[in-house]
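Below is one structure, written out as structure tokens; the observations come after it.
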Amino acid sequence: MRTDAVRGHLDALLLAVLEPGPLHGYAVITAVQQRSGGVLELRTGTVYPALSRLERLGLLRSGWQPVADRPRRCYELTDAGRRGLAAERSTWQQFTAAISAVLGSAMPDSAVLGSAMPDSAVPARSAT
114 MRTDAVRGHL DALLLAVLEP GPLHGYAVIT AVQQRSGGVL ELRTGTVYPA LSRLERLGLL
174 RSGWQPVADR PRRCYELTDA GRRGLAAERS TWQQFTAAIS AVLGSAMPDS AVLGSAMPDS
234 AVPARSAT
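Taking the numbering used here, the leading residue of the sequence shown gets 114, the next gets one more, and so forth.
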């Protein structure tokens, strides 16, 4: 999938994969990839600055923890991050419902025109 397809949704993706518990940066990238069935592949140059920004905003906190006998900076949601994730999910549901309504099955011309225009503005069909 194109990298720009996640633009505008990166924060929600990162918050969502951190919801179950703390992860270090590379584990965040792996979690997004696994949860998306391999469709979303985020680059470290995208993820690490976003994690830092979310931490500055108070949505995440981080600390050093040993992972496989190596210290790693691990990130976890704050209470504000949990509220932010809930808001992101609500926004996402509204957005996807609107997109689905537009991209869903095609409506007959008369249904589209009839719902958007007064009867006098709907073109007459010839009887052929």
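Beta carbons: idealized from backbone N, C-alpha and C, even for Gly. In this text the structure is predicted, and so the values were computed from the model without any measurement.
Considering only their Cβ atoms, is the gap separating residue j from residue i smaller than 8 Å?
i	j	result
ARG183	SER175	no
ALA129	LEU172	no
PRO135	GLU189	yes
LEU131	VAL145	no
GLY138	VAL160	yes
ASP124	ALA181	no
Nearest to residue i by CA position, among the options, is which residue?
i	options	result
ILE142	GLU132, LEU153 and PRO133	LEU153
ALA193	GLY121, SER213, GLY151 and ARG169	ARG169
Rounded to the nearest angstrom, how far is the Cβ of residue i from that of residue j, given a contact under 8 Å?
i	j	result
LEU127	LEU167	6 Å
Going by DSSP, what residues sit across from residue i in a beta bridge?
i	result
GLY171	Note: GLY171 sits in no beta bridge, so no partner.
TYR188	LEU136 and SER175
VAL180	ARG183
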